[in-house]
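Only one structure is covered here, and it is reproduced in the block below.
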Amino acid sequence: MHKHQVLSKLFFKHETMLFIIMIVFGVVVNSINPAFLTAENLFDILKTSSITGMMALGVLIVMISGGMDISFTAIATVSMGITVRMLIALGTGNIIVAFIIAGIIGALLGSINGFLIHRFNLPALIVTLGTSNIFHGLLLSILKVPHLYNVPGYYFAFSKLSFFSFTTADGTVVGLSSLTVLLFVMAFIVWLTLRFTMLGRGIYAIGGSREAARRAGFKIMFIDLFIYSFIGFTAGVASIEYVAMFRIVHPFNMMNMMLNVIASVVLGGTSVTGGSGSVIGTLLGVWMIYMITNSLILMGISSEWESVVIGFIIIFSIGINAFQKSLRKIEVKIIEN
Amino acid sequence: MSEKYCIVMENISKSYAGVEALNNVSIDIRKGEVHCLIGENGSGKSTLIKIIAGVIAPSRGASITINEKHFSKLTPIDSMHQGIQIIYQDLSLFPNMTVAENIAVNQLLESDKQIINKHLIHEIASNALKTSGVDLNLDTLVGDLSIAKQQSVAISRAVACGECLIIMDEPTSSLGKKDIEYLFKIIHNLKSKGISILFVGHKLNEIFEIADRVTVLKDGKSLGTHDIKDLTYQSIITLMTGKSLMISNYEKDYPSAEPILEVRNLAKKSQFQDINFMLYPGEIIGIIGLVGSGRTEMVSSLFGLNPSDIGEIFVNGKHTSIRSVQDALKVGICYVPEDRLSQGLFMNHSIKNNITVTLLHDLLNKLGFLESRKVDRSSTDWVKNLVIKTPSIDLPVKQLSGGNQQRVVIAKWLARNPRILIIDGPTIGVDVGAKEEIHKTIKNLARNGMGIIFVSDEALEVVQHSHRIIIMREGRIKEIIDSKGVSETDIFEKLV
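Protein chains in written order, with the working numbering: chain A, 1 to 337; chain B, 1001 to 1496.
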C-alpha cells in the first residue's frame, strides 16, 4: 500500500511529468538527428544553460514567496559593467574576486527592491519595473562607451575549466563545465535552505498567505529583504558567468534573457501566484528550454520557431498542473469518504 | 487566585481616538470550560479577544492574571508563552503547505529553531492531533481540504502550543450542521483535557449546545457572566439588544389568492429533481436543507442564474421561460445571493451606487446621463425604509457592518419593486439584533403583497419567520409543512 502511495504521489508531481516529457522529446529529436543524444551535445546544453539557470534560482525564490522581480537582468548588467571595469582599473583581480564583488553589488541593488517593496507595501512588479529602468538607465548614461571587448583572460579561463572529463568513443574530450558545477552548488544550497530551514518555510508561508505568515510570527521584513537580495546576488554571479563564457561586457544581451529565465521557472512548475515551486523543477525547466533551442538547430529548423515551441510547452505545462491539482482534490475526497 | 481559573481579567478598557471600544470590562475563564462571548457587532468582542491574544494592548490600569502570573498588558509572545492561542475567523492557514507543516508552524516559530526537518514537523503534528482527537493525513495539502477539516487543522495547530486557552472567533460561520457537530466533538475533547475555550459566536442555538458560561458585551461594557443554565433565548436577546424583541412563531395572515409563483417538475441533472411548489402573494416560504441538498442551485434556477433542464414556471398564472437573469427580472423575480460580499455588492463603491445599480436606466436625464439628484434621492429613501445605519450614502459599503451590508443588497433589489423576492441566507454573519430587524423588514414586504422565498441553514430561523417550510434533501423536496406549531427539533429530525 505504501509503495503505491509513493508511486501515485510521484506521478502527480509536475517535475515527474516534465522529466518524462524531456525524455520523450530527447528520443524524438534524436531519431531525426542522432547528434542530439551525445555526451558532447548534452554537456554543451548543460554549459550554455548555466547562466539562465543561475538567475532562475533567484526567480524561483521570489516566485515562491508570491512576489515578482523583473529587474534582475538589469541588476546583472549593472553588476557586470561595474565589476569588470573596477577590477581592470584596480589592475588586479581574479575570477573569485569578480564573482564576490558582482554578487555583492547585485545583492545591494536587490536589497533596494526588497526595501521598497516591503516598507511601502508596493506591488513588486511595478517596483522592479521601475528599478530595472533606473539601474539600466543609470549605467548607460554614466558609461559613455558601454561595450567592453578587452576583458582580462581569467574570465574566459574559468569557463574553459572542466571537471570529471573523459574521452568519448570518437576521441572528443568531454567534461562538466565549471559553470555547470557552480549552478549545481548554488542549486544545492537553495534546496537545503528551502527544505531544512525556517527561512525556507517562511518563504513558502509568505507565498501561501502573507497575512497568516505575519500573524504566525514569521519575520516578514527579514525574509522580504533576503528574497530580493538573493535574486540580486544570483544575477550578479550570473553576469560574471556571462563574461566568462562570451569574453565581453555587453549592456543589452543579458536584458534579453529575462523571458527565458521566467519561462524556465514557470515551466518547472512554480506557481506564479506563489506558494509552490522546487529546485528540481526549475533545473528541469531550464534544461528543457535549452534542449528545445539546441534541438531546433540540430534539426535545421529556423530559430524563429523557438518562441513558438516554448510558448506551446509553457501552456501545456500549466494545463497539466491544473489537471493534476484537480486530480489531487478528487483523491482527497475519496480518502476522506 | 485558585487553581480553578485559567485567566482572570479586570478593568480592561481601550479607546480608539476618543471612541471607547471597551469600558472597564472584567472577565474570568475557568479551566476546562467553554466560555462564550456574545454581543452585537461593535460591542467590543474582537477588541477584547485581541487584547487576550496580545495583538492589542489595553489602556492603563488593566490587570491580567494567567496561571498565577500578573500582567498589565500582553504581547503576542507573552500570550503564546502562557499557552493562549487564537483561531481567527479566516483560519490563517497556509493552503500550499501540508497539514503537518501548518500544525507545527506556530510551535516551531515559538521555539526559534532555525534548522528543521520533516521528522520533527511530523512529531509535533502527530502529538497535536493526539490531543485534539482529530484524524487527518499529515501530508495532505491544507488547500485541498474542506472548510471543516481545515478548521480542525487550525484547532490542532492551536492545541500544539495552547495548553491553557484557545480563542475561537466565530468558528461556525461557514459550517453546515454535520461539520458543526464535528467541531463540537473536538471542543468536548479539548475540554476533557483541561483546555479552556473562549468561543465568540452568533447563533444562539449553538451557544446553548456548547457553552458552560456566557459573557454578554454591549457597547463596550460587560453585562455580566452567566451560567448557561440560568439563561433562555429571550433573556440573552434582551441583554444583547436592550429591547424585548418578541420571538413568536409567525402567523398565517395572508388571504389565499392565486399563487404568484408555481413551479412544476423542475429538475437539473445531478443538482435537483421533482421540484413542485406554489408561492402565494404575501407569503414567506423558508427553504431549509443541509449543504448539498441543492437548495441554492434550485433557487438560482428560478432567477435564471442556473437554468433548469426540464420543468415549468408560472408567474401569476402565466407560463414563463426563465433562461437568463433578464428573463427573471422581466417577470419581477429578484434574488439576493448567499455570498453578498462577492455576488451582491461592489464593496469599494458607495452605498448609493450599490442601491441604484440595477435601475440606472430609470435615473437618466433627457440626454442619457445619470442624474445624480435622482440617484441621491432614490438611495436616501431606501436607506430610510430599511433603516440602514450609516452617516452618509457616499460611504463605501465595505465599511458597513454585516447586517447593514445585507440591507443594502436587499435595498438594491427592492428598488426594482419585485413581485417575488428570493433571499439566500438573509442573516448569514449578522448578529442577533440585526437578524430580527431584517426579518421584520421581510415580513413588512410580505404584508404588502410580495411573495418571498428565503433559504436558511437555521431551523430556528425558518420556524420563526416563515409561513411554510420546504425541507430539501439530496436535491429533492422532502416535505412542505406549515410553520405553525412546528419546533426546531422537529425540523432537525426531518433534515437527516
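Here a beta-carbon is modelled for each residue, glycine too, at the ideal position from N, C-alpha and C.
Legend entry - Touching by the beta-carbon criterion (3+ pairs, under 8 Å), the region 1121-1135 of chain B and the region 1090-1110 of chain B: With the cut-off at 8 Å, the region 1121-1135 of chain B and the region 1090-1110 of chain B touch.
Legend entry - Backbone secondary structure at B:SER1046 - three-state DSSP: The answer is helix: DSSP assigns B:SER1046 an H, G or I state.
Legend entry - Closest residue to B:ASN1205 among B:GLU1488, B:LEU1495, B:LEU1145 and B:GLU1493 (Cα-Cα distance): Cα-wise, what sits closest to B:ASN1205 is B:GLU1488.
Inset, instruction - Note down, in chain order, all residues in the region 1104-1116 of chain B with a beta-carbon under 8 Å from any beta-carbon belonging to chain A. - result: Legend: CB atoms of the region 1104-1116 of chain B lying less than 8 Å from CB atoms of chain A belong to residues VAL1105, ASN1106, LEU1108, LEU1109, GLU1110, LYS1113, GLN1114, ILE1115 and ILE1116.
Inset, instruction - Report the rounded CA-to-CA distance for B:SER1072 versus B:SER1350, giving the unit in angstroms. - result: If I take the Cα positions, the gap works out to 41 Å.
Inset, instruction - Taking only the alpha-carbon atoms, compute the straight-line gap between A:MET1 and A:LEU182 and give it to the nearest angstrom. - result: Confidence at A:MET1 is low in this model, with a pLDDT of 42, below 50, so its placement is unreliable and no value can be given for it.
Legend entry - DSSP-derived helix/strand/coil call for B:LYS1443: The answer is helix: DSSP assigns B:LYS1443 an H, G or I state.
Inset, instruction - Given a cut-off of 9 Å, decide if B:LEU1261 and B:LEU1298 are closer than it, judged by their beta-carbon atoms. - result: The sequence shown places Met at residue 1298 of chain B, not Leu. No, Cβ-Cβ distance for B:MET1298 and B:LEU1261 is not below 9 Å.
Inset, instruction - Would you mind reading off the limits of the beta strand (DSSP E) that contains B:MET1168? - result: Going by DSSP, B:MET1168 is part of the beta strand (DSSP E) stretching over 1165-1169.
Inset, instruction - Please go through the same chain and pick out, in chain order, the residues whose beta-carbon is closer than 8 Å to the beta-carbon of B:MET1246, but skip the five residues on each side of it. - result: Caution applies to B:MET1246, whose pLDDT of 46 falls short of 50 and renders its modelled position unreliable; the value that the coordinates give is listed next. Hits under 8 Å: none found.
Inset, instruction - With 9 Å as the limit, tell me which residues of the region 223-240 of chain A have their beta carbon closer than that to any beta carbon of chain B; keep them in chain order. - result: Result list empty, no residue passes.
Legend entry - Proximal residues to B:TRP1382 (C-beta, below 8 Å), its chain only, five neighbours per side dropped: Excluding residues within five positions, the ones whose Cβ falls inside 8 Å are ILE1355, ILE1388, ALA1411, LEU1414 and ALA1415.
Inset, instruction - Mind reading off the beta-carbon distance from B:LEU1495 to B:ILE1471? Whole number of angstroms is fine, and I expect it under 8 Å. - result: About 6 Å; that satisfies the 8 Å criterion.
Inset, instruction - For B:ASP1169, collect the residues of the same chain with a Cβ closer than 8 Å to its Cβ; drop the 5 residues on either side in sequence, then sort them by chain order. - result: For B:ASP1169, where only same-chain residues beyond five positions count, the Cβ hits under 8 Å are SER1046, ILE1049, ILE1086, ILE1087, TYR1088, GLN1089 and VAL1200.
Inset, instruction - Out of B:PHE1492, B:CYS1036 and B:LEU1109, state which residue places its alpha-carbon closest to the alpha-carbon of B:ASP1457. - result: The shortest C-alpha separation from B:ASP1457 is found at B:PHE1492.
Legend entry - Nearest-angstrom Cα separation, counted from B:ILE1167 out to B:THR1225: The straight-line gap from Cα to Cα measures roughly 17 Å.
Legend entry - Start-to-end residues for the alpha helix (DSSP H) that takes in B:ASP1497: Residue coverage of chain B in this structure runs from 1001 to 1496, which leaves residue 1497 of chain B outside it and unanswerable.
Inset, instruction - Quickly, what does DSSP pair B:GLN1085 with across the bridge? List them, please. - result: According to DSSP, B:GLN1085 bridges with B:ILE1166.
Legend entry - Residue from B:SER1196, B:ILE1422, B:ILE1066 and B:SER1063 whose Cα sits closest to the Cα of B:SER1466: Minimum Cα-Cα distance from B:SER1466 among the listed residues B:SER1196, B:ILE1422, B:ILE1066 and B:SER1063 corresponds to B:ILE1422.
Inset, instruction - Tell me, please, whether the region 220-238 of chain A touches the region 33-40 of chain A by the rule of three or more beta-carbon pairs shorter than 8 Å. - result: Contact between the region 220-238 of chain A and the region 33-40 of chain A is absent: fewer than 3 CB-CB pairs across the two stretches fall below 8 Å.
Inset, instruction - Just mark B:TYR1335 as buried or exposed, buried being the case when its beta carbon has 16 or more other beta carbons within 10 Å. - result: Buried: at least 16 other Cβ atoms inside 10 Å.
Inset, instruction - Name, please, each residue of chain B whose Cβ falls closer than 7 Å to the Cβ of A:LYS329. - result: The answer, in chain order, is ASP1144.
Legend entry - Pairwise C-alpha distance: B:PHE1094 and B:GLY1194: If you take the alpha carbons of B:GLY1194 and B:PHE1094, they lie about 28 Å apart.
Inset, instruction - Count the C-beta pairs between the region 195-202 of chain A and the region 70-81 of chain A that are closer than 8 Å, then say yes if the count reaches three, no if not. - result: With a cut-off of 8 Å, the region 70-81 of chain A and the region 195-202 of chain A do not count as touching, because too few Cβ pairs lie within range.
Legend entry - Beta-bridge partners of B:ALA1267, as assigned by DSSP: Paired residues: B:ILE1310.
Inset, instruction - Can you tell me which of the three DSSP states B:ARG1476 falls into? - result: Of the three classes helix, strand and coil, the one that applies to B:ARG1476 here is strand, per DSSP.
Legend entry - C-alpha distance - A:PRO123 paired with A:ILE112, whole-angstrom precision: Rounded to the nearest whole angstrom, the C-alpha separation of A:PRO123 and A:ILE112 is 14 Å.
Inset, instruction - List the whole-angstrom C-beta distance separating B:LEU1138 from B:SER1152, where the pair is believed to meet the contact cut-off of C-beta under 8 Å. - result: About 13 Å separates the Cβ atoms of B:LEU1138 and B:SER1152, ruling out a contact at the 8 Å cut-off.
Legend entry - Members of the region 62-87 of chain A that neighbour chain B once the beta carbon cut-off is set at 7 Å: Under the 7 Å Cβ criterion, the region 62-87 of chain A contributes no residue.
Inset, instruction - Closer than 7 Å by C-beta to B:VAL1055: which residues in its own chain qualify, once you throw out the five before and the five after it? Chain order, please. - result: Same-chain partners within the cutoff: PRO1076.
Inset, instruction - Would you kindly report the start and end of the unbroken alpha helix (DSSP H) that includes A:VAL28? - result: Counting along the chain, the alpha helix (DSSP H) containing A:VAL28 begins and ends at 14-32.
Legend entry - First through last residue of the alpha helix (DSSP H) which encompasses B:MET1278: Premise fails: B:MET1278 lies in the beta strand (DSSP E), 1272-1279, not in any alpha helix (DSSP H).
Inset, instruction - Following the continuous alpha helix (DSSP H) through B:LEU1109, name the residue where it begins and the one where it ends. - result: Start and end: 1099-1111.
Legend entry - With 16 other Cβ atoms within 10 Å as the buried cut-off, status of A:THR172: With fewer than 16 other Cβ atoms within 10 Å, it is exposed.
Inset, instruction - Give the residues of chain A in contact with B:ASN1096, contact being defined as C-beta atoms less than 7 Å apart. - result: Within 7 Å Cβ-Cβ: TYR204, GLY207, GLY208, GLY275 and SER276.
Legend entry - Best match in B:LEU1190, B:LYS1203, B:GLU1163 and B:SER1196 for proximity to B:LYS1177 [C-alpha to C-alpha]: Measuring from the Cα of B:LYS1177, the nearest candidate turns out to be B:LYS1203.
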